[in-house]
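S.K.:
Number of protein chains: 2
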Amino acid sequence: MIKIAVLGYGTIGSGVVEALDINKEVIKEHAGQDIEVKYVLDLRDFPGTPIESKLVHDYDVIVNDPEVDIVVEVMGGTHPAYEYAKAALEAGKSVATSNKALVAEYGPELIALAREKNLNFLFEASVGGGIPIIRPILRSLNVDTIHHITGILNGTTNYILTKMFEEGSTYEEALKDAQALGYAEADPTADVDGFDAARKIAILSSLIYGKTVNFQEITTEGIRNITDVDMKYAKALGKKIKLLGITYNIDGKIYSEVAPHMIDKKHMMYMVDDVMNGIETHGNLLGDTMFYGAGAGKLPTASAVVSDIIDEVKHLHVNIPIKWDAEPMVLEDHTKHWSKFFVRVDAECEEMKTCFKLEQLTKLDDYPDEYAIVTEELTFEEFYSKIEGNSHIRSIIQVK
Amino acid sequence: MIKIAVLGYGTIGSGVVEALDINKEVIKEHAGQDIEVKYVLDLRDFPGTPIESKLVHDYDVIVNDPEVDIVVEVMGGTHPAYEYAKAALEAGKSVATSNKALVAEYGPELIALAREKNLNFLFEASVGGGIPIIRPILRSLNVDTIHHITGILNGTTNYILTKMFEEGSTYEEALKDAQALGYAEADPTADVDGFDAARKIAILSSLIYGKTVNFQEITTEGIRNITDVDMKYAKALGKKIKLLGITYNIDGKIYSEVAPHMIDKKHMMYMVDDVMNGIETHGNLLGDTMFYGAGAGKLPTASAVVSDIIDEVKHLHVNIPIKWDAEPMVLEDHTKHWSKFFVRVDAECEEMKTCFKLEQLTKLDDYPDEYAIVTEELTFEEFYSKIEGNSHIRSIIQVK
């Protein structure tokens, strides 16, 4: 029997407790023993619920209890999550977390501390919710040189974009709808401005390349400026608009960005709708691979957390190696990278038809005062120098 | 430095040697040491090639060499692959294999032997080629009760069906084309009759449920009877035809089948074309997950084999637990399971329009002497009793 403590009884914390209960037998079979939640740390009381008797408000009770072997950090945020995770490891307890903010900021330090103490710091649920992606990257894709990793990593923005595509909603309407359903927070900044996706692509890239990709250095653009009109063009072009996090490895030079992209219907990523996530990698041996599943949600995320708990039960005081050094990964200047661009302009602006090698020129009947083009592939630098000073441009979106 | 032997220098064997060479640095970083191919076993000589000096024709040289820690079995077939794998384990060497026939038939015995000897018998490449699927099932999806696992598991038939869909080819033309490209063998039985897919779904199901699913007990139907006319109806219905291997867990009762299915374009599996494979699972916590990638091919398959070699290097004389007991999994009578059915019939046969609750009725202009229906969901038993004795039926295909 292994005793664990769960820090935070919010959506994911209660999901972990529930998952351990619902799938008790399956989990026991794989872990080799029973797993008991001894403590739940939360500021609130939950009178009359089954976890009432396990609730503590003081973290010291947990960290000082030698019976607790594993601490499950699902509070979110970096403080006190970081201090709690560190104290757990220092006290000889492994840590499993779903907290991407913690992992993106303190991952290498906590991984190193776990290694030093012969413990584990695992974080499968921090990217892609329930999708198994951290473990496949570490244990399966480690044979390959990964040329790019591309992800739809944020369920909230994907829900908003899907709603806009399918129902013709404006961005504001779709956001309000996502908030009403609990998919978006009252202050949606972290999601809609791409910061959440940036943290996640930073984590995946750091694991692939073994050095720390700082999420703050990733060129990041969110979806606030995507309009229902952009979406109508996307539809006419046989494409959807998705927020992608991408890291490219071009002959050892690493470029990373988060930005909305138009994706053609021939790509698998076109199919990733609503709150689902998808992660695609291209390896030099393996070619294209894709992982798809629930990017958020109580039980899917809990499932990933519990897979870490099982691994930690099976590796008590045996470190599972994770290569992610504190050494910073130098990101190349993103303006030197390239893309195709979708550009919407005022109808009177003739020059846009001639200054690119056009892949496509589209006019929609409903919008006679404008048209849109898709350019050839060119660097951001070249692209922006060509449109410099042009005041007729209504929107610009990268095209896959 | 770890020394390994590769049994068989065919497509996959030469791929493994090549992969170890191309990605030497990446692999060394993850394995923690250099991996050297000391021997290659093949009946042939390869004069003038770099592996000439490593070639042996006598397996005893390998099995008796204490320097060899890992034997890579990529010969295919069950004999002598089984005897060789067993001898390697008995001599204290771990085994990595891509051989689904070996795994489907002798998996539990070799897994048990490896466990007994504190060694490893790993087989990531035996299903889904390069797609990481065995490890995710064992290490990530083990938290869930899996309600179904569905796979496009055979690249050859998927190529043939894609060709028929995209180019309107007949089955015979598409098969000939697959043979010319080396995707199908001169005797294509194992692929086109579904036996290869049956072995693969048997392996996945055995790993999920922990008991042995005998591939010979799986209800298996191949693609020989799929015609270009069927494919035209599929297209008209917004569907494609794919060969699926599926295992359902309905309240603990296990049903397993391999059969062609019409798949609607709203499903991810609709996008899995050519020689690519896709594997979808539905867990009680996780919901839907999908894994997609190259189901065959020299380097993708080699990548999966090398991921096993790395795991074995990191776990020399430490068994990585795999739960797959020899105890047979009892499969339920498949006629008690259910599906929707696509049925093509002679135009004169009016009764087909009334004996089902029709979901769809389709007529194609090019085929005035027939029509097609899609039925409601009903058991195979019910369906076949309703059409018993009807001599007007031209084809029947399950519908997803």
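Each protein sequence line maps, in turn, to chains A and B.
The opening residue of the first sequence carries number 1 in the working numbering; numbering runs sequentially from there.
The opening residue of the second sequence carries number 401 in the working numbering; numbering runs sequentially from there.
No residue lacks a Cβ here, since even glycine has one placed at the ideal position from N, Cα and C.
All of these numbers come straight from a predicted model, not from anything done at the bench.
If you drop the 5 nearest sequence neighbours on each side, which residues of the same chain put their C-beta closer than 8 Å to that of residue 590 of chain B?
M.R.: If we look at residue 590 of chain B and ignore the five residues flanking it on each side, its Cβ neighbours are 596.
S.K.: Between residue 784 of chain B and residue 592 of chain B, what straight-line distance do the alpha-carbon atoms span, to the nearest angstrom?
M.R.: Between residue 784 of chain B and residue 592 of chain B, the C-alpha separation is close to 24 Å.
S.K.: Label residue 188 of chain A either buried or exposed according to how many other C-beta atoms from any shown protein chain fall within 10 Å of its C-beta, with 16 as the threshold for buried.
M.R.: That one is buried.
S.K.: Check whether the Cβ atoms of residue 411 of chain B and residue 698 of chain B sit closer than 8 Å, and answer yes or no.
M.R.: Contact: yes.
S.K.: Thinking C-beta only, is residue 99 of chain A closer than 8 Å to residue 81 of chain A?
M.R.: Yes.
S.K.: I want to know whether the stretch 406–423 of chain B touches the stretch 464–482 of chain B - three or more CB-CB distances under 8 Å.
M.R.: The answer is yes - the stretch 464–482 of chain B touches the stretch 406–423 of chain B, with three or more Cβ pairs under 8 Å.
S.K.: Do you know offhand how far residue 319 of chain A's Cα is from residue 693 of chain B's?
M.R.: Computed Cα separation, rounded: 30 Å.
S.K.: Find the residues of chain A that neighbour residue 598 of chain B, judging by a C-beta separation of less than 7 Å, and give them in chain order.
M.R.: Residues of chain A passing the Cβ test: none, with the nearest at roughly 24 Å.
S.K.: Count the other CB atoms, across all protein chains shown, that sit within 10 Å of the CB of residue 618 of chain B; report buried if there are 16 or more and exposed otherwise.
M.R.: That one is buried.
S.K.: Could you work out which residues of chain B lie near residue 302 of chain A, taking near to mean beta carbons separated by less than 7 Å?
M.R.: Those are 685, listed as they occur along chain B.
S.K.: Please list, in chain order, the chain B residues whose beta carbon lies closer than 8 Å to that of residue 311 of chain A.
M.R.: Near residue 311 of chain A (Cβ distances below 8 Å), the residues of chain B are 539.
S.K.: Roughly how many whole angstroms lie between the Cα atoms of residue 614 of chain B and residue 608 of chain B?
M.R.: For residue 614 of chain B and residue 608 of chain B, the distance between alpha carbons rounds to 14 Å.
S.K.: Less than 8 Å separating the beta-carbons of residue 525 of chain B and residue 712 of chain B?
M.R.: In this structure, residue 712 of chain B does not lie closer than 8 Å to residue 525 of chain B by Cβ.
S.K.: Residues of chain B with a CB under 8 Å from the CB of residue 289 of chain A: which are they?
M.R.: Near residue 289 of chain A (Cβ distances below 8 Å), the residues of chain B are 530, 531, 532, 691, 692, 693, 694.
S.K.: Scan the stretch 444–529 of chain B and note each continuous alpha helix (DSSP H) run of 4 residues or more that stays entirely inside, going in chain order.
M.R.: DSSP runs (the alpha helix (DSSP H)) wholly in the stretch 444–529 of chain B: 459–463, 481–490, 500–516.
S.K.: Under the assumption that residue 336 of chain A contacts residue 377 of chain A (Cβ atoms under 8 Å), give the Cβ distance between them as a whole number of angstroms.
M.R.: At roughly 13 Å, the Cβ-Cβ gap does not stay under 8 Å, so residue 336 of chain A and residue 377 of chain A are not in contact.
S.K.: Can you tell me the Cβ-Cβ gap for residue 647 of chain B and residue 548 of chain B, rounded? I've got them flagged as a contact below 8 Å.
M.R.: The pair is a contact, with the Cβ atoms about 7 Å apart (cut-off 8 Å).
S.K.: In chain order, what residues of the same chain have a beta carbon less than 7 Å from the beta carbon of residue 345 of chain A, not counting five sequence neighbours either side?
M.R.: Counting only Cβ-Cβ distances below 7 Å, and skipping sequence neighbours, we find 352, 370, 371, 392, 393, 394.
S.K.: Kindly list the residues whose CB is nearer than 8 Å to the CB of residue 228 of chain A, restricted to its own chain and excluding five residues on each side of it in sequence; keep chain order.
M.R.: Same-chain partners within the cutoff: 164, 168, 169, 170, 171.
S.K.: Near residue 77 of chain A, which residues of its chain fall below 7 Å by C-beta distance, leaving aside the five closest residues on each side in sequence?
M.R.: Only 101 meet the Cβ criterion.
S.K.: Counting Cβ pairs closer than 8 Å, one from the stretch 625–640 of chain B and one from the stretch 656–669 of chain B, do we hit at least three?
M.R.: Cβ pair count under 8 Å is three or more, so yes.
S.K.: Quick check: residue 245 of chain A and residue 153 of chain A, are their CB atoms within less than 8 Å of each other?
M.R.: Yes; because the gap between Cβ atoms is below 8 Å, this pair is in contact.
S.K.: For residue 268 of chain A and residue 374 of chain A, I'd like the C-alpha separation in whole angstroms.
M.R.: If you take the alpha carbons of residue 268 of chain A and residue 374 of chain A, they lie about 21 Å apart.
S.K.: Taking the continuous beta strand (DSSP E) assigned at residue 320 of chain A, which residues delimit it?
M.R.: Element bounds for residue 320 of chain A: n/a, residue is neither H nor E.
S.K.: Is residue 626 of chain B helix, strand or coil when you go by DSSP?
M.R.: Coil at residue 626 of chain B, not helix or strand.
S.K.: Measure from the alpha carbon of residue 721 of chain B to the alpha carbon of each residue in B:441, B:459, B:743, B:538, then state which is nearest.
M.R.: Closest by alpha carbon: B:538.
S.K.: Along chain B, which residues have their Cβ under 8 Å away from the Cβ of residue 50 of chain A?
M.R.: Chain B residues near residue 50 of chain A: none, gap ~19 Å exceeds 8 Å.
S.K.: Considering Cα atoms alone, identify which of A:306, A:253, A:243, A:257 is closest to residue 220 of chain A.
M.R.: Residue A:257 is the option with its Cα nearest to residue 220 of chain A.
S.K.: Taking C-alpha atoms, which residue in B:631, B:606, B:682, B:780 lies nearest to residue 505 of chain B?
M.R.: Selected option, being the one with the closest Cα: B:606.
S.K.: For residue 350 of chain A, count the other beta carbons within 10 Å of its own beta carbon; 16 or more makes it buried, fewer makes it exposed. Which is it?
M.R.: Exposed, since its Cβ has fewer than 16 Cβ neighbours within 10 Å.
S.K.: Can you pull the chain B residues whose beta carbon is under 7 Å from the beta carbon of residue 119 of chain A, in chain order?
M.R.: Per Cβ cutoff of 7 Å: no residues; residue 119 of chain A is ~18 Å from chain B at best.
S.K.: Does any residue of chain A bring its CB to less than 8 Å from the CB of residue 717 of chain B?
M.R.: No, its Cβ sits nowhere closer than 8 Å to a Cβ of chain A.
S.K.: In chain order, which continuous runs of the beta strand (DSSP E) of length 3 or greater are located wholly inside the stretch 345–372 of chain A?
M.R.: Listed in chain order, they are 360–362.
S.K.: Going by the C-beta, is residue 777 of chain B closer than 7 Å to any heavy atom of the ligand GDP?
M.R.: In the structure on display, the ligand GDP does not appear, and there are no ligands present to speak of.
S.K.: State the DSSP-derived secondary structure class of residue 547 of chain B, mapped to helix, strand or coil.
M.R.: Here residue 547 of chain B sits in strand by DSSP.
S.K.: Just verifying my parser: in three-state terms, what is the DSSP assignment at residue 583 of chain B?
M.R.: Residue 583 of chain B falls in the coil class under three-state DSSP.
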